[in-house]
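Chain order of the listed sequences is U, L, V and A. The opening residue of the first sequence carries number 1 in the working numbering; numbering runs sequentially from there. The opening residue of the second sequence carries number 329 in the working numbering; numbering runs sequentially from there. The opening residue of the third sequence carries number 657 in the working numbering; numbering runs sequentially from there. The opening residue of the fourth sequence carries number 986 in the working numbering; numbering runs sequentially from there. Here's the structure we're looking at; comments come further down.
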Amino acid sequence: MLTQDKLLEMYYKMVLIRAFEDRVHELFVQGRIPGFVHLYAGEEAVAVGVTSHLRKGDYITSTHRGHGHCIAMGVDIKGMMAELFGRKSGTCRGKGGSMHIADFEVGMLGANGIVGAGGPLAVGAAFAAKYRGSGDVVVCFAGDGAQNQGAVLESLNAAAIWKLPLIFVVEDNQYAISLRSLSSTKLQPRISTARSVAERAVAFGIPSVTVDGMDVLAVYEAAKAAVERARAGEGPSLLDCKTYRYYGHFEGDPMVYRSVEEVEEWKKRDPIKLFRERLVRGGVVEEVLDDIRRKASLEVEEAVRFAEESPYPEPSEAYTDVFTDPYY
Amino acid sequence: MLTQDKLLEMYYKMVLIRAFEDRVHELFVQGRIPGFVHLYAGEEAVAVGVTSHLRKGDYITSTHRGHGHCIAMGVDIKGMMAELFGRKSGTCRGKGGSMHIADFEVGMLGANGIVGAGGPLAVGAAFAAKYRGSGDVVVCFAGDGAQNQGAVLESLNAAAIWKLPLIFVVEDNQYAISLRSLSSTKLQPRISTARSVAERAVAFGIPSVTVDGMDVLAVYEAAKAAVERARAGEGPSLLDCKTYRYYGHFEGDPMVYRSVEEVEEWKKRDPIKLFRERLVRGGVVEEVLDDIRRKASLEVEEAVRFAEESPYPEPSEAYTDVFTDPYY
Amino acid sequence: MSELREITFVEALNEALHQEMERDPTIVVMGEDVGVYGGIFGVTKGLLERFGPDRVVDTPISETAFIGAGVGAAAAGLRPVVELMFVDFFGVCMDQIYNQAAKMRYMFGGKIKIPLTIRTTIGAGLSAAAQHSQTLYSIFAHVPGIKVIVPSTPYDAKGLLISAVRDDNPKIFFEHKLLYGVRGPVPKEPYAIPFGVADVKTEGSDVTIVAVAYMVHEALKASNELKKEGVSVEVIDPRTLVPFDKEAVFKSVRKTGRLVVVDEDYDRCGFASWVAALVADECFGYLDAPIKRVTTPTVPIPFSPTLEKEILPNAEKIVKTVKEVVKKV
Amino acid sequence: MSELREITFVEALNEALHQEMERDPTIVVMGEDVGVYGGIFGVTKGLLERFGPDRVVDTPISETAFIGAGVGAAAAGLRPVVELMFVDFFGVCMDQIYNQAAKMRYMFGGKIKIPLTIRTTIGAGLSAAAQHSQTLYSIFAHVPGIKVIVPSTPYDAKGLLISAVRDDNPKIFFEHKLLYGVRGPVPKEPYAIPFGVADVKTEGSDVTIVAVAYMVHEALKASNELKKEGVSVEVIDPRTLVPFDKEAVFKSVRKTGRLVVVDEDYDRCGFASWVAALVADECFGYLDAPIKRVTTPTVPIPFSPTLEKEILPNAEKIVKTVKEVVKKV
Ligand SMILES: Cc1ncc(C[n+]2csc(CCOP(=O)(O)OP(=O)(O)O)c2C)c(N)n1
Ligand SMILES: Cc1ncc(C[n+]2csc(CCOP(=O)(O)OP(=O)(O)O)c2C)c(N)n1
Ligand SMILES: [Mg+2]
Ligand SMILES: [Mg+2]
């Protein structure tokens, strides 16, 4: 049973992700953040619904669209924002940027610029968890597009034969850049067959379930079963979460491949709105939720200030951290 | 309906493959053939059963264990033997060797030293066939072990979404080197889940069937449906053929991973023996079959003689054929 | 040549593709987002509308499958142009490139051809960080059987892409991200620039600079700077690394006695080393100074602009290095 | 050091693995046929029986998944030793090696470590043809973040593998197929050879030869030949390419004034070029002759013995090349 505290913590994380991403969008448009940035707005229910089950010792692997996973896992947003600004106080000391934020302390094994690359890493982390016999689990987040990458497909097989404590979470946000995950028109070819990735997982020997990825409680429930299964040593599962990204694929994307109407249609089932309605129906006072939202906004502003006031790394730092020994 | 001529041709190809492989085994033991050699003996029904449906314009891709595919497609065995001896008169002028015999003239796109690499090549050839609209088809041979390689898994998906005229033929000879394709003991871990690759194909959107790979007529029938489907533009299929290799994984393999009894057990259902019994039951005179066998042996001896009498390539040929233009 | 318009590098590439596809129906274009999107940098814009989905194929994120499909289709008679979105992704599909496409002709005794063009992007300078900023052409030049093409101007981009599409061998065509927006004169009609012919961008007598891709522009900037200080620089753009016009470089070094190689790829075992090694072997008697390399140190490309700037070669570093060798006479 | 036995290269490696696994329970071994089979060259023989299937893991033919699993397991606290059966297969799994393992520490600001060892085989001479004969260490040395280890003797094999397993960074450990059967003295107890320390195999005054892996033996053969003709050769085996002991090479070249680099990897953009380039830059004033490379020309490795022999470096070619530079004084 979810306590009210837990529910409000989940709500807080979702609005914090949203506030962070909306603000990063603005900052990017203003030219204050460089590089390639992929925003998670719209998909908050997935990261938060799943990671709410995790504990110290568990790990996740992430994607190019990793801010939401980071925040859900509890990575400090001041460090994240400073990282996006390329500052020395960033989570990765300014060396990684948006696509490479990691924080092993909280179990976040890294965003990743290579689609599907988190799969094998998750297999390895789950192998280690199983080897230690600690009951720890690993979650591998990956997009719908990533499901056709050999790295992910091989990982499904490996996780199945080794019976690893690994939960594959598919974030099916309907698109891999411009390609629909399921499409009927000729100009927008299907990137998968009509068969779902959930069905594919089963054929690899991995139980799976399709989930409403806009409903954080639905995600939470599905993840609960999968995480329990994994902790009990019963092996991997896959959750195929149907969701949507609100912004372009990356910041700057002209979005020629979808209509404004389509975006608006999805926004009607906004995960934060849906969850808020649920909470209110469940007796939570509106002001409490407004306060949480305000708190999140303030924290994001604080993070921006922190980032902007932080110095850039010294040029000499370009040569450190290649190895544990000095650079050669 | 299979005519008697066709049946005898199939028998001839099977015994030719067997005679070739047995002889190569001897030659290797005698130190007369260098390099890495993987023999096809025991699996003849698969290559012959499938390729009997192919016509000019069709293609196959092959594996490290490619001699059987070559012979089934009609590659001249004199050239093949000379290739194994590294002679200038070899199919590939001595440059390829056992793992790299190709003969595009007869539709053989190449043996391959990289497990699974034939998958994408077959996708491409099938793409070209579809593009031309010629009704030509492509067959991708690959082992049970290869089914867990990303290249093959991605190819299943690509073939399905593009509805290509492509037949995936799985040669499940029970092992990938020392690893059983399905195993229950701890020391011989399963390389796939209990779910079959046939089931996996279905989940990729590809109809599949499991076939007795020791029975050439069973293979023939299954392939017939798949090839017809492909020619009719209805897309890919997969045949999961259960078979067995008689020799070690490569020549020189001590075979620590399996027992003599197991090998003997499989040999009781030797594909050539089974087919011969069928033919005799169907009224073919034993002498006719013996003649075919003798003919095959003579051809193999002739091929060995041809190979041994052929000169080695001149050293300068090491620098030709890197490009269509002279070497740089 | 007729009409010369000022167009961008990306427009030049796009025009080349349009014209060649018009001419040769065996050319097909494949890759992630090459159709509906027109390529994430716009190189394939309009092709889907013009040539339809049979010839312009949006692929799943399966580089091994679709680059391998390019190889197989080339083996079976088509002339595919396949896009690898960033060269940084070569690690998921290298086998199909270097073990399959590049070696098939040789392994099969020269009896076949693989007319495949792989287009990809290179280069840092956009804070795209460690997995989207690399310049890895040295790896492709290291392995046998694949031609390596690296244009630096819109004119070369069009002419070399047309040559690539028409050439009967596997090729990899590198497009530097910072060059896409660069403008230059480009003839309207199709033309082919031969491989293996270096372009001497500016003649000089004191020092030879060999530079590639975006670094050609930095080298030219440096050369202008140096001219003001009385140093006469010869800048050579090889344009293709395989085949490599070593005679053009040797000729220049025999004249100047000094060589600086400028290359955005990692220094260790990179292209710059190889050029230095060729000259240290074959022009040793003509050398008046150490051979220098201005390259990217072998560290992952950092995200932060201050760090990225620190490691990338640029005009300033080139000037400094040239002064070292000129001084040392 | 106590007992020195003559054992083979493969026995030395096997002993190192046994001893280190005994010592450190976080070491796990993974790869194709490393368990039941004991590794197709026998390097992991007996490990499964001794340490059980939790620590010695036979994997499916999924290099991306199991090498990536090594990376992930290393990130999560284990110390995996993963086998890539032949380096030629790097094309199916390079991303996990060069973009993940090798860059994670840097990208993540130095806050983590990846104590991963990848073992693989290199080398031609067995007529194993184009996809099982390559020597591709230059590609791994080219990219940042991975240490490159290339032993040439049983003694070095054991000591360097022990160092590798204990080192906290991603490493790739290259075993030349022709060395497995080579015998040499090896101490019974565990010992570690530091990375980045070249071994001067034989001192000389006329010419420096830098040689790697199996080529060290060919260089020594050549050196013996040349001694008879009055040419004094210094043979240096760097043992690790990353880190590279350039000071040892520079010191030698400053003495001899001549350098020949012998390397079985492809010539173009290879390791030999880089050594040549370093010397052409940093020891220019000491050089008395062109820097020569004895390498494999950049063609696919042919199958036929006559062709394979033609392209591989060997003692005879080394002798010929050394004579060229000695003559040219
Ligand atoms: C191996 C690889 N191929 C291609 C890309 C370029 N790319 C980045 S994100 C992306 C789409 C990913 O789609 P999906 O997995 O659905 O994730 P989403 O962006 O929708 O969250 C592509 C093609 C990449 N980064 N890595
Ligand atoms: C990518 C790759 N990984 C590993 C190998 C080494 N290898 C060659 S054959 C083989 C086993 C193949 O098994 P399977 O696909 O079942 O074919 P079989 O040998 O049984 O015919 C392996 C692991 C290889 N050649 N290529
Ligand atoms: Mg998506
Ligand atoms: Mg098999």
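Note that beta-carbon positions come from the ideal geometry of N, C-alpha and C, so glycine has one too.
Output, in chain order, the set of chain L residues within a Cβ distance shorter than 9 angstroms of residue i.
i	result
ILE849(V)	Within 9 angstroms Cβ-Cβ: nothing; ILE849(V) doesn't reach chain L, min ~15 angstroms.
ILE1296(A)	PRO643, ALA646, TYR647
ASP710(V)	LYS458, TYR459
Run through chain A and tell me which residues come within less than 7 angstroms of residue i, C-beta to C-beta.
i	result
TYR942(V)	Correct list: empty, because the minimum Cβ distance to chain A is about 11 angstroms.
LYS803(V)	Ordered by position in chain A, no residue passes the 7 angstroms Cβ test against LYS803(V), which lies about 12 angstroms from the chain.
Name, please, each residue of chain V whose Cβ falls closer than 9 angstroms to the Cβ of residue i.
i	result
GLN30(U)	Result: empty, since nearest Cβ-Cβ is about 15 angstroms, beyond 9 angstroms.
Would you say residue i and residue j are within 8 angstroms of each other, going by their C-beta atoms?
i	j	result
PHE532(L)	ALA488(L)	yes
GLY447(L)	CYS468(L)	yes
VAL806(V)	ARG895(V)	yes
PHE1051(A)	ALA158(U)	yes
VAL1034(V)	ARG914(V)	A question about residue 1034(V) goes unanswered here, because the residues of chain V that appear run from 657 up to 985.
Sort the options by Cα distance to residue i and report the nearest one.
i	options	result
PRO958(V)	LYS295(U), GLU309(U), PRO313(U), GLU301(U)	PRO313(U)
ASP1141(A)	ALA1300(A), ALA1109(A), VAL1077(A), PHE1180(A)	PHE1180(A)
GLY471(L)	VAL498(L), PHE432(L), ALA456(L), PHE356(L)	VAL498(L)
PHE127(U)	VAL263(U), SER155(U), GLN149(U), HIS100(U)	SER155(U)
VAL918(V)	ASP751(V), PRO946(V), TYR870(V), LYS911(V)	TYR870(V)
ILE828(V)	ILE753(V), PRO953(V), ILE865(V)	ILE753(V)
THR1044(A)	CYS420(L), LEU507(L), VAL480(L)	LEU507(L)
VAL887(V)	GLU859(V), VAL842(V), ALA784(V), GLY698(V)	GLU859(V)
ALA1114(A)	VAL1310(A), LYS1308(A), LYS1294(A)	LYS1294(A)
GLU637(L)	GLY461(L), ARG360(L), VAL584(L)	ARG360(L)
LYS701(V)	GLY726(V), VAL727(V), VAL666(V)	VAL666(V)
ILE717(V)	ILE399(L), LYS458(L), LEU481(L)	LEU481(L)
MET329(L)	THR391(L), SER380(L), VAL357(L), TYR655(L)	SER380(L)
ILE600(L)	MET342(L), PHE413(L), GLU590(L), TYR387(L)	MET342(L)
Take residue i and list the residues in its own chain whose beta-carbon comes closer than 6 angstroms to its own, dropping the five residues that flank it on each side.
i	result
PRO771(V)	ALA730, ARG735, ASP824
MET741(V)	GLU688
Residue i touches chain U at which residues, Cβ-Cβ below 8 angstroms?
i	result
ALA479(L)	GLY150
TYR693(V)	ILE177, SER178, VAL256, TYR257
GLU482(L)	ASN148, GLN149, GLY150, LEU153
Which residues in chain V sit within 7 angstroms of residue i, going by Cβ to Cβ distance?
i	result
LYS423(L)	TYR762, MET763, GLY765
PRO344(U)	The structure shown has nothing for residue 344(U), since chain U only spans 1 to 328.
Report the neighbours of residue i on chain A: residues whose CB is nearer than 8 angstroms to its CB, in chain order.
i	result
ALA158(U)	THR1044, PRO1045, SER1047, ALA1050, PHE1051, ALA1054
ARG949(V)	ALA1262, ASP1266
ALA125(U)	GLY1057, ALA1058, ALA1060, ALA1061
Could you name the residues of the same chain whose beta carbon sits closer than 8 angstroms to that of residue i, not counting the 5 residues immediately before and after it, in chain order?
i	result
LYS623(L)	TYR340
PRO899(V)	LYS803, PHE851, GLY852
Starting from the beta carbon of residue i, find every residue of chain L whose beta carbon is closer than 7 angstroms, and list them in chain order.
i	result
ALA1058(A)	Chain L residues near ALA1058(A): none, gap ~17 angstroms exceeds 7 angstroms.
PHE1074(A)	ILE442
Spatial neighbours of residue i within its chain, please: C-beta separation below 7 angstroms, excluding the five flanking residues on both sides.
i	result
VAL219(U)	ALA45, VAL46, GLY49, VAL50, VAL211, GLY213, CYS241
TYR575(L)	HIS353, LEU367, ALA369
VAL985(V)	With a pLDDT of only 42 at VAL985(V), under the threshold of 50, the placement of this residue in the model should not be trusted, and no figure is reported.
PRO311(U)	ARG87, LYS88
Using a Cβ cut-off of 8 angstroms, pull out every chain L residue sitting near residue i, in sequence order please.
i	result
LYS769(V)	THR652
Report the neighbours of residue i on chain A: residues whose CB is nearer than 9 angstroms to its CB, in chain order.
i	result
PHE104(U)	ALA1060, ALA1061, PHE1093, LYS1096, ILE1097
Q | Proximal residues, the stretch 225 to 256 of chain U versus chain C, C-beta separation under 9 angstroms | A | This model lacks chain C altogether; the protein chains it does include are U, L, V and A.
Q.
Residues around ligand 4, please: the ones whose beta-carbon is closer than 7 angstroms to some heavy atom of it, in chain order.
A. Going along the chain, the residues that qualify are GLY471(L), ASP472(L), GLY473(L), GLU499(L), ASP500(L), ASN501(L), GLN502(L), TYR503(L), ALA504(L), SER509(L).
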